[in-house]
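Colleague:
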Amino acid sequence: MTVALCMALAPMAVFSAGLGKLNVSSGLGEPLRADIELLSVTPEELNSIFAVIASEEAYANQGIDRPASHSTIKVEVSKNANGT
């Protein structure tokens, strides 16, 4: 399943965040639970970054249908145990 994620950043500001290592912590047959490391993000930028599943309009703009299952996907930006 392809998950379209949209990174929304603070208005009137431009940030460049890289995506790092993908760590999947769920097992076979379980709901997907995964972490994606954000690279090159300052602590100040981290406080203003958030992630959401793309809207139906965003899917439509790309000419694809948004699967109903995407309505149940939860995403969040959070710090890991070492504060990064």
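Numbering (the numbering used here), first residue to last: 16 to 99.
Beta carbons are placed, not taken as given, at the ideal position from N, Cα and C, and that holds for glycine.
What's the gap between the Cα of S41 and the Cα of V90?
Modeller: Here residue 41 refers to the residue found at position 26 of the sequence shown. Here residue 90 refers to the residue found at position 75 of the sequence shown. In a straight line, the C-alpha of S41 is about 15 Å away from that of V90.
Colleague: Going by DSSP, what residue range makes up the beta strand (DSSP E) through N38?
Modeller: On the sequence shown, residue 38 is found 23 positions in, with the first residue counted as 1. From DSSP, the beta strand (DSSP E) with N38 extends over 33 to 39.
Colleague: Please name the residue or residues paired with A49 in a DSSP beta bridge.
Modeller: Indexing the sequence shown from 1 puts residue 49 at position 34. Answer by DSSP bridge pairing, in chain order: V39.
Colleague: Compute the distance between the beta-carbons of E59 and G35, then report whether it is under 7 Å.
Modeller: Here residue 59 corresponds to residue number 44 of the sequence shown, with the count starting at 1. Here residue 35 corresponds to residue number 20 of the sequence shown, with the count starting at 1. Contact: no.
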